[in-house]
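Residues in the sequence shown are numbered from 0 upward in steps of one, following numbering that gives the first Met the number 0. We put the beta carbon where it would ideally sit given N, CA and C, even for glycine.
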Amino acid sequence: MQLTVYQGHVDDPDSDFKVIWAGRVVSASRAHSELELQGEPISTQMKRPGLRRHYQYGCPHALYSTVCGASKAAATSPATVASVSGTTVTLDAGWNGSVTAAKFLRGQLEWTPAGASTRRRTIIRVSGNVLTLSGLPLDLEANDAVNVVLGCNHHAFEDEGGDCEGLHNNIVNYGGMKWIPVKNIINRNPYY
């Protein structure tokens with residue numbers, strides 16, 4: 000039960016009563032002719048967890064977060080910039096090693112300009128040695144050293160095109176619900 004306590008003066012002409020406490024009643028007990036209410040303020044309700052995870056096929060974890068658990072260090076490859084044009088960065092040949100270049104899609108390009116902190120941009124397109132980034136790569140020039148970090152398509156198994164198992168070796172932390180039934184049994188004929 001929600002409870003709001005107001006305070007004011009009975010003879011106040013404009014009935015301007017101010018809220019001095021708001022919350023909910025947690026318990027009640029009777030002591031002789033009185034009722035004692037225990038309450039918790041609304042601020043304690045705000046400390047509770049908010050949104051819950053959705054029931055979904057793909058993994059909801061942010062890549063390389065503590066919940067994901069994939070190793071960012073193991074997924075990082077050093078490379079050298081050949082040229083920069085707008086949001087497009089061309090890397091020297093062989094930058095991706097033995098990994099298919101397309102696996103870096105939704106990954107990151109990282110670099111540290113002299114006297115500045117590390118900068119990162121998400122890779123939104125990969126075509127051979129050319130990466131298209133989510134924003135301008137400020138202070139990035141030809142011959143600069145960069146780190147290219149693998150992306151993830153948030154699907155589970157390698158044989159189905161997923162990156163979690165084969166690419167990141169992280170299937171134990173996969174957060175998706177891969178086995179959600181795709182057929183609705185409610186709208187089907189039970190006699191087939």
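Span of the beta strand (DSSP E), counted from its first residue to its last, around residue i
i: I123; result: R118 to S126
i: T89; result: T87 to L90
i: Q107; result: Q107 to W110
i: V147; result: A144 to V148
i: L130; result: V129 to L132
8 Å contact criterion, which residue i and residue j should meet: CB distance rounded
i: A86; j: L135; result: What sits at residue 86 in the sequence shown is Thr, not Ala. The Cβ separation is near 6 Å, so the contact holds.
i: L108; j: L132; result: 6 Å
i: L90; j: T79; result: 7 Å
i: I179; j: Y56; result: 6 Å
i: I122; j: L104; result: 6 Å
i: R23; j: E39; result: 6 Å
Where the alpha helix (DSSP H) through residue i begins and ends
i: Q44; result: I41 to M45
Inter-residue spacing [alpha-carbon to alpha-carbon] between residue i and residue j
i: S42; j: P48; result: 13 Å
i: G106; j: A81; result: 19 Å
i: Q6; j: E35; result: 19 Å
i: R124; j: S76; result: 17 Å
i: H154; j: N142; result: 35 Å
i: P112; j: K17; result: 56 Å
i: Q1; j: V148; result: 50 Å
i: R120; j: K71; result: 15 Å
i: D10; j: A30; result: 32 Å
i: V181; j: N95; result: 37 Å
i: E157; j: V25; result: 51 Å
i: S116; j: W110; result: 9 Å
i: H202; j: S28; result: Absent from the model: residue 202. The displayed extent of the chain is 0 to 191, so no value can be given.
Which residues DSSP lists as bridging residue i, in chain order
i: W20; result: V4
i: A73; result: BP columns for A73 are empty, so no partner.
i: V66; result: According to DSSP, V66 bridges with nothing at all.
i: L36; result: A27
i: A78; result: V145
Contact set for residue i: own chain, Cβ-Cβ below 6 Å, skip 5 residues either direction
i: A69; result: Y63, H167 and N169
i: C163; result: A155, N169, I170 and Y173
Cβ-based neighbour list, residue i, same chain, cut-off 7 Å, excluding 5 preceding and 5 following
i: V129; result: T87 and T89
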